[in-house]
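Student:
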Amino acid sequence: MRAIEITEPGGPEVLKWHEVPEPSVGPGDVLIDVTASAVNRADVLQRQGFYDPPPGTSPYPGLEVSGVVAQVGASVEQFKPGDEVCALLAGGGYAERVAVPWQQVMPVPERVSPREAAGLPEVACTVWSNVFMIGRLRKGETLLVHGGASGIGTFAIQLAKALGARVVTTVGSAEKAERVRALGADEVINYREDDFSERVRADVILDIMGGRYLAGNIRALNTGGRLVIIGLQGGRKAEIDLGAMLSKRVAVHATTLRARPVDDKGVIVRSVVDNVWPLVAAGAVRPVVHAEVPMADAAEAHRMLDSGEHVGKILLVR
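Okay, structure coming up:
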């Protein structure tokens, strides 16, 4: 089969479409003929040499796919050849085929095309597990989403609104502000012009920035608020004011998804199918696709992501 290999750490030009060995299929695996994958920030970090895949997983980038089941392992009863599915991966999505533990495989939700479904697993599992399972966002509370025009952000806005929350988000341009308002954001803050911590008080904050935003995030939390950090685009380190945390009784969580054990991911995946897929099928939440790029041209898709001008997901299609 063919897959995108990272020939050396570097820019998008190091992504090459090469012949590679077929994936092996274990007893608990599902082999998927890939229809599409999607580009995530973690893929960029892996390309740059900063985020190696977990031990024992595929060396190729790509944390999600959609496609058709080609083969199942001897112990798999939940799926069969011919099923249309999408899947959460630890890697290997930029390829013609990928083998995935069955626990991380999901049916394609209704009202979503097979290609669009490739842009759902990573954002749905990330948002559901962090905002709702860890952050415990409830109806009537306020969610602050940093980077509202990203794939994660566009999904978080829609899902939180569908479940009755008020949503505030940060963006970097007037054009992006208009797009996220159309998705349901109640308030939009241009981070280039305003200090979000002076504008909003939130019960849950979903943060991709890390260090640079830590103090502002704690200021922006309501009493009993929950900060969930899922990215470090603003740095790994910051000084924390424990007194401010104590006075407001806030909690700070820092989480990743990629390296979790398969069974942990399986719990999240099943919860997404039970709680999120019905909202997708009802049309309350939809994938936001910025562009579709041939998988062999993954370098161009990475350039799009690096530019920061996209809204939603960039798909790699076969």
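Under UniProt numbering, the first residue of the sequence shown is numbered 1, with each subsequent residue one higher. Glycine included, C-beta positions come from ideal geometry on N, C-alpha and C.
Tell me the rounded alpha-carbon separation between G184 and G148.
Tutor: Position 184 of the sequence shown holds residue 184. Position 148 of the sequence shown holds residue 148. Straight-line Cα distance between these residues: approximately 11 Å.
Student: So V228 and V145 are supposed to be a Cβ contact under 8 Å. How far apart are they, rounded?
Tutor: Here residue 228 refers to the residue found at position 228 of the sequence shown. Here residue 145 refers to the residue found at position 145 of the sequence shown. The Cβ separation is near 11 Å, so there is no contact.
Student: How far does the alpha helix (DSSP H) with A298 in it extend, from its first residue to its last?
Tutor: On the sequence shown, position 298 is the one that residue 298 refers to. A298 -> alpha helix (DSSP H) spans 298-307.
Student: Taking the C-alpha atoms as reference points, what is the distance between N222 and I4?
Tutor: One-based indexing of the sequence shown puts residue 222 at position 222. One-based indexing of the sequence shown puts residue 4 at position 4. Computed Cα separation, rounded: 45 Å.
Student: Based on Cα-Cα distance, which residue from E22, P27, Q46, V30 lies nearest to L15?
Tutor: Counted from its first residue, the sequence shown places residue 15 at position 15. For L15, the nearest C-alpha among the options comes from Q46.
Student: Alpha carbons only, please: which of A259, P61, G26 is nearest the one belonging to V296?
Tutor: For the purposes of this step, residue 296 is identified with residue 296 of the sequence shown, where counting begins at 1. Here residue 296 is Ala; the residue named in the question, Val, does not match the sequence. Residue P61 is the option with its Cα nearest to A296.
Student: According to DSSP, is K16 helix, strand or coil?
Tutor: Locating residue 16 in the sequence shown gives position 16, counting from the first residue. Note: K16 maps to strand in three-state DSSP.
Student: Less than 8 Å between the CB atoms is what I'm expecting for K265 and H290, so what's the real figure, rounded?
Tutor: Numbered from 1 along the sequence shown, position 265 holds the residue referred to as residue 265. Numbered from 1 along the sequence shown, position 290 holds the residue referred to as residue 290. That belief does not hold up - the Cβ atoms of K265 and H290 are roughly 26 Å apart, past 8 Å.
Student: Exposed or buried, which one is I240 when buried takes at least 16 other CB atoms within 10 Å?
Tutor: Your numbering for residue 240 matches position 240 in the sequence shown. By the neighbour-count rule (16 or more Cβ atoms within 10 Å), I240 is not buried but exposed.
Student: Pop quiz: T35 and R115 are said to be a contact at Cβ under 8 Å. What is the actual Cβ separation, rounded to whole angstroms?
Tutor: Residue numbering aside, residue 35 sits at position 35 when the sequence shown is read from its first letter. Residue numbering aside, residue 115 sits at position 115 when the sequence shown is read from its first letter. That belief holds up - the Cβ atoms of T35 and R115 are roughly 6 Å apart, short of 8 Å.
Student: Counting C-beta neighbours from all protein chains within 10 Å, is the total for R192 16 or more, i.e. buried, or is it exposed?
Tutor: In the sequence shown, the residue the question calls residue 192 occupies position 192. R192 should be labelled exposed.
Student: On the DSSP letters alone, give me the boundaries of the alpha helix (DSSP H) that D43 sits inside.
Tutor: In the sequence shown, residue 43 corresponds to position 43, counting from 1. 41-48 is the extent of the alpha helix (DSSP H) around D43.
Student: For H302, count neighbouring C-beta atoms within 10 Å of its own C-beta (all shown protein chains included) and say buried if the count is 16 or more, exposed if not.
Tutor: Within the sequence shown, the letter at position 302 stands for residue 302. It counts as buried.
Student: Helix, strand or coil for S247 per DSSP?
Tutor: In the sequence shown, the residue the question calls residue 247 occupies position 247. Looking at S247 - three-state DSSP - the assignment turns out to be helix.
Student: Provide the residue span of the beta strand (DSSP E) that contains R2, from first to last.
Tutor: On the sequence shown, residue 2 is found 2 positions in, with the first residue counted as 1. Residues 2-6.
Student: Cα separation between E309 and G283?
Tutor: Position 309 of the sequence shown, counted from the start, is the residue given in the question as residue 309. Position 283 of the sequence shown, counted from the start, is the residue given in the question as residue 283. If I take the Cα positions, the gap works out to 26 Å.
Student: Among the residues of its own chain, which have a CB less than 7 Å from the CB of Y51, if the five just before and after it don't count?
Tutor: To locate residue 51, count along the sequence shown from 1; it is residue 51. Closer than 7 Å at Cβ, skipping near neighbours: A42, L45.
Student: Could you compute how far the alpha carbon of T170 sits from the alpha carbon of A177?
Tutor: Reading the sequence shown from its first residue, position 170 is the one you call residue 170. Reading the sequence shown from its first residue, position 177 is the one you call residue 177. Approximately 8 Å between the Cα atoms of the pair.
Student: Alpha carbon to alpha carbon, what distance is there between Q103 and V262?
Tutor: Here residue 262 corresponds to residue number 262 of the sequence shown, with the count starting at 1. Here residue 103 corresponds to residue number 103 of the sequence shown, with the count starting at 1. In a straight line, the C-alpha of V262 is about 7 Å away from that of Q103.
Student: Nearest by alpha-carbon distance to A99: which of G151, P21, I208, G140 is it?
Tutor: Position 99 of the sequence shown, counted from the start, is the residue given in the question as residue 99. That would be P21, whose Cα lies nearest to the Cα of A99.
Student: From this set, G234, A259, I205, E77, which residue's C-alpha is nearest V252's C-alpha?
Tutor: Here residue 252 corresponds to residue number 252 of the sequence shown, with the count starting at 1. Nearest of G234, A259, I205, E77 to V252, Cα basis: I205.
Student: Starting from C86, follow its DSSP beta bridges and name the residues at the other end.
Tutor: The residue given as residue 86 occupies position 86 in the sequence shown. Answer is S66, M106, bridged to C86.
Student: Please classify E292: does DSSP put it in a helix, a strand, or coil?
Tutor: Working through the sequence shown from its first residue, we reach residue 292 at position 292. Here E292 sits in strand by DSSP.
Student: Please state the DSSP three-state secondary structure of L214.
Tutor: The residue you call residue 214 lines up with position 214 of the sequence shown. The answer is helix: DSSP assigns L214 an H, G or I state.
Student: Based on DSSP bridge pairs, tell me the residues matched to R226.
Tutor: As a first step, residue 226 must be located in the sequence shown, where it is residue number 226. R226 is bridged to V204, A251.
Student: Which whole-angstrom value describes the C-beta separation of I208 and R199, a residue pair presumed to lie in contact below a C-beta threshold of 8 Å?
Tutor: If you number the sequence shown from 1, residue 208 lands on position 208. If you number the sequence shown from 1, residue 199 lands on position 199. So it is not a contact: roughly 18 Å between Cβ atoms.
Student: Kindly list the residues whose CB is nearer than 8 Å to the CB of W128, restricted to its own chain and excluding five residues on each side of it in sequence; keep chain order.
Tutor: Translated into the one-based positions of the sequence shown, residue 128 becomes position 128. Contacts found: L159, I268, S271, V272, N275, V276.
Student: Check the C-beta distance from residue 349 over to E110 and give it rounded, since I have them as a contact under 8 Å.
Tutor: Because residue 349 is not part of the residues shown, which for the chain are 1 to 318, the question remains open.
Student: Among Q48, D29, E19, V68, whose alpha-carbon lies nearest the alpha-carbon of G11?
Tutor: Within the sequence shown, numbered from 1, the residue matching residue 11 stands at position 11. When each option's Cα is compared against that of G11, the closest is Q48.
Student: Let me know if T256 comes out buried or exposed under the rule of 16 or more other beta-carbons within 10 Å of its beta-carbon.
Tutor: Within the sequence shown, the letter at position 256 stands for residue 256. Burial call: exposed.
Student: Starting from the C-beta of G234, find all residues in its chain whose C-beta is less than 7 Å away, skip the five residues before and the five after it, and write them out in chain order.
Tutor: By 1-based counting over the sequence shown, the position of residue 234 is 234. M209, G210, G211, R212, Y213.
Student: In the DSSP assignment, the beta strand (DSSP E) including V100 goes from what residue to what residue?
Tutor: As a working note, residue 100 is residue 100 in the sequence shown. V100 -> beta strand (DSSP E) spans 97-101.
Student: CB-CB under 6 Å to K143, same chain, minus the five flanking residues each way: which ones, in chain order?
Tutor: Start at 1 with the first residue of the sequence shown, and residue 143 comes out as number 143. For clarity, residue 143 is Leu in the given sequence; the question names Lys instead. Excluding residues within five positions, the ones whose Cβ falls inside 6 Å are L137, A160, A165, V167, V204.
Student: Please identify the residue among G119, S66, E187 whose C-alpha is closest to the C-alpha of D33.
Tutor: Looking up residue 33 in the sequence shown gives position 33. Comparing Cα positions, the closest option is S66.
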